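Novice: This is the structure I want to talk about, given as structure tokens.
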Amino acid sequence: MSWSNNLVKEIVNSKNHIIVTELAVVIADKFPKARHHYLVLPLADIPSIFQLNRSHLSLLNELHFLAHNVVEVKGACWDDFQVGFHAEPSMQRLHLHVISKDFVSPCLKTKKHWNSFNTDLFVPFEKLVAQVEKDNCFTRFPKSLKDDLLATPLLCNQCKFIAPNLPTLKEHLAKHLEDRTQKSQNYNLEKMAKHDPKDYFRDELSRKLKDKKNFIIESDRAVVIKADFPKSQYHFRVVAKEELRDVTQLNGDHLPLLDHLMDLAHEVIEKQDHLEPHHFRIGFKVNTFWNRLNLHVISDDFYSVAMKRVRHWNSFNSELFMPFHVAHMMLSLQGSIDPISEEKCKELQLKLPLHCNQCEFETNLLLDLKFHLFQHWQGREREWKQKKNLDKILKMLETTSVSEDATSNASEIGKESIEMPQKPLATPLHCQAKDQAANGYAEYVSGPPVNMMNIQNPNNPFRNTPPLNIKPLASPQPNHSGNHMAHGPRGAFFKPRGNMAPRAPRPMWNAPRGPQNHQRNSFMHPGINGFGAPTQHQGYQPVGLGQAPMFGQPMGMRHPGFNSFRPPPPTNYLVHPTPPNQTSVVSQVALTSQGARPKWNPQNANNQNRQAPTPNSISNQGNPTEKNLQNPNQSNRPYQNKTNKKSNKNKPQNPNQKSSQQKPNSNVNQPAQTQGV
DNA sequence: GTTCTAGAAC
DNA sequence: GTTCTAGAAC
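Number 662 marks the last residue of the first sequence (my numbering); no jumps.
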């Protein structure tokens, strides 16, 4: 009978293989009688169970092992399967059935199909092995027994129901499956209902530690990460690896840990070349939401879209925020930090009025305060740029002789300084804010804009997105939601994303860039990102996308990018070819990253891809300035003796040395350190 | 009349 | 093993 050799033909074709070893293969049954139905066949020419003897016991174990593996590879549960042989096989070549117990399948058509799996006509693997061990063979059933078994009434395998015919049984089985699915869903819902969803988020920092994702700095005791919902332009957390919930769990023995956290805080501040250290606050929230001790390192502008609630402001600008040196002093003196009672905490969270942290302004409206902070920030940026221009002029004057060129350059710089948008504050800030509040915020309906278009801002959510493929675009095509902003507002005004869920954790390439970061960080964890994916059994090779799938993961559902670490190209940099004599706008951005940002000009402004910098988008540019040593965070703490590594770092002596600022190995694909980590 | 099954053919 | 179909069962 040629048809009885079909199985042999099947295993010859490697396309059918799910798993293959030197001894056996696993294929899917061509006419599955259940949702899962696989066959494990030896490569050796063993026609059927009737040729088996004790010498085949090790082979049988191999078949059973592969049965286990195919269940795992398919992401199914072993207990939901029955594994064995037909007592009266019809196809040539020994084959072990691995079939799920649901028996829901359009291929289940006859009484014989059912009874061959649900009577003694189905010989479980263990039963066969036991008989081969005992008798050194498996004997054929008498014909009368086979006929009787085939004639057995259609008894459900999950209850005592006896079906009058196969269609009724199939309907009954489908109901069983539906009930089980429903039960499983209900179980999951109940489980979720019992679980406070907040608890999940409270553990987020612990998960980040476990996943080793997005570490800016890592040491043996702590890591530095960006805050997910930054409340300022620069907001980092130094998270302790030790399982401590908050500062109230600390005692005198933890002082070395605190010192270490502070070291890391300084290290991340050191990386912020465009912001002076005294603009950072370092401290703990006494009553923190998160389940893991973390030290905040936050710039004092508090200018952020994430600053949405009064409690957000007060959590950093009241007793709820404990500056580092206070925490250190309390632990040194009394060996513990007292918690704040829940009532007091609520009172502090909602405390009004809101006092500006930079002047005497106060208001009861967060929106007023946000606009006020925006103006502070604008003013600070303006001063920063003026100072930068002044530094340029002074450096030029320091040159041995003031040549004509230098004079003309100086006048150019001076001109730039004059042309810079000037918005002198005719009235005090708080008066302006009050006027604005009275006249409405037509321009800032959602509060003051946050500088999310500044690609150097570490809090810019689009900062590390792959570069836009800069090509002329047709008119914008609406997406499914009709929200054009969903395409990403790079270069456009940032629009708060409403109630969208927080962004998923960034992929590995969100890591700090530049050679200096690799000295300490451990971003590439091959065991997590794929090269070290758990291997299965040394002896076999699952067949699929070329790599061993993770256990419990259905074949064919893996994205190649998930298990293979291939960092995307660095962001913000040129990816499309540019003619040699032509500097593209994106190339200019690349230059900027090395501290030589080109001046904006109207021609560039007309470029479709990049808007003219607003006052908001000029921050964090230019050469590093000498740091202010009078950082209030650095006083009263044991770090005063720390040398300021940065003060003399890369400081050019004259304009001619400017090019030496670029790192020897720098190129357009290698962002400089001034990228804000 | 339709549905289901068992046996023949492959 | 499946598919086809005649005939039984309803």
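Virtual Cβ for every residue (Gly too), placed ideally from N, Cα, C. All values reported here derive from a predicted model rather than from experimental measurement.
Excluding the five sequence neighbours on either side, which residues of its own chain have a C-beta within less than 7 angstroms of the C-beta of residue 123, listed in chain order?
Specialist: 34, 35, 37, 113, 116, 117
Novice: Which term fits residue 256, buried or exposed, when burial requires 16 or more other beta carbons within 10 angstroms of its beta carbon?
Specialist: buried
Novice: Specify, as a first and last residue, the run of the beta strand (DSSP E) that residue 307 falls within.
Specialist: For residue 307, the uninterrupted beta strand (DSSP E) run begins and ends at 306 to 308, by DSSP.
Novice: May I ask which residues mark the beginning and end of the beta strand (DSSP E) holding residue 279?
Specialist: 279 to 284
Novice: Going by CA-CA distance only, name the one from 263, 301, 14, 259 that's closest to residue 273.
Specialist: 301
Novice: Hey, how far is the Cα of residue 154 from the Cα of residue 20?
Specialist: 16 angstroms
Novice: Residue 24 lies in the beta strand (DSSP E); which residues open and close that run?
Specialist: 22 to 27
Novice: Across which residues does DSSP place residue 266 in a beta bridge pair?
Specialist: Under DSSP, residue 266 forms a beta bridge with 283.
Novice: Count the other CB atoms, across all protein chains shown, that sit within 10 Å of the CB of residue 99; report buried if there are 16 or more and exposed otherwise.
Specialist: buried
Novice: Any idea what DSSP makes of residue 74, helix, strand or coil?
Specialist: coil
Novice: Let me check understanding here. Comparing Cα to Cα, which of 211, 192, 223 lies closest to residue 204?
Specialist: For the residues 211, 192, 223, the minimum Cα distance to residue 204 belongs to 223.
Novice: To the nearest angstrom, report how far apart residue 0 and residue 28 are at their CA atoms.
Specialist: 15 angstroms
Novice: Using the C-alpha atoms, what's the distance from residue 207 back to residue 285?
Specialist: Spanning the alpha carbons of residue 285 and residue 207 requires a straight line of approximately 23 angstroms.
Novice: So for residue 4, helix, strand or coil by DSSP?
Specialist: strand
Novice: How about residue 275 and residue 187: do their beta carbons lie closer than 8 angstroms?
Specialist: Result yes, Cβ atoms of residue 275 and residue 187 sit closer than 8 angstroms.
Novice: From the DSSP output, which residues share a beta bridge with residue 85?
Specialist: Paired residue(s): 66.
Novice: Are the stretch 292 to 309 and the stretch 347 to 357 touching, with three or more C-beta to C-beta distances below 8 angstroms?
Specialist: yes
Novice: Work out the CA separation of residue 372 and residue 313 for me, nearest whole Å.
Specialist: 35 angstroms
Novice: Please say whether residue 58 and residue 4 have beta carbons closer to each other than 8 angstroms?
Specialist: yes
Novice: Using a Cβ-Cβ cut-off of 6 angstroms (strictly less than) and excluding sequence neighbours within five positions of residue 230, which residues of its own chain qualify?
Specialist: 276
Novice: Quick check on the burial criterion: 16 or more other C-beta atoms within 10 angstroms. Buried or exposed for residue 458?
Specialist: Confidence at residue 458 is low in this model, with a pLDDT of 39, below 50, so the placement of that residue should be treated as unreliable; the coordinate-derived value is given next. Flag for residue 458 reads exposed.
Novice: Since residue 222 sits in a beta bridge, which residues does DSSP pair it with?
Specialist: 210, 281
Novice: Nearest by alpha-carbon distance to residue 164: which of 16, 87, 215 is it?
Specialist: 87
Novice: Put residue 368 into one of helix, strand or coil per three-state DSSP.
Specialist: Here residue 368 sits in helix by DSSP.
Novice: Rounded to a whole number of angstroms, what is the C-alpha to C-alpha distance between residue 242 and residue 318?
Specialist: Those two C-alpha atoms are separated by around 16 angstroms.
Novice: Quick one: Cα of residue 17 to Cα of residue 270, how far?
Specialist: 60 angstroms
Novice: Are residue 283 and residue 216 closer than 8 angstroms when you measure CB to CB?
Specialist: yes
Novice: According to DSSP, is residue 215 helix, strand or coil?
Specialist: coil
Novice: Would you identify the three-state DSSP class for residue 301, choosing helix, strand or coil?
Specialist: Three-state DSSP puts residue 301 in a helix.
Novice: Using CA atoms only, rank isn't needed, just tell me which of 25, 366, 333, 128 is closest to residue 47.
Specialist: 25
Novice: By DSSP's criteria, residue 107 is part of a beta bridge. Which residues make up the other side?
Specialist: DSSP links residue 107 through a beta bridge to 71.
Novice: For a test of the three-state rule: what should DSSP assign to residue -4, helix, strand or coil?
Specialist: helix
Novice: Does the separation of the CB atoms of residue 280 and residue 309 fall below 8 angstroms?
Specialist: yes
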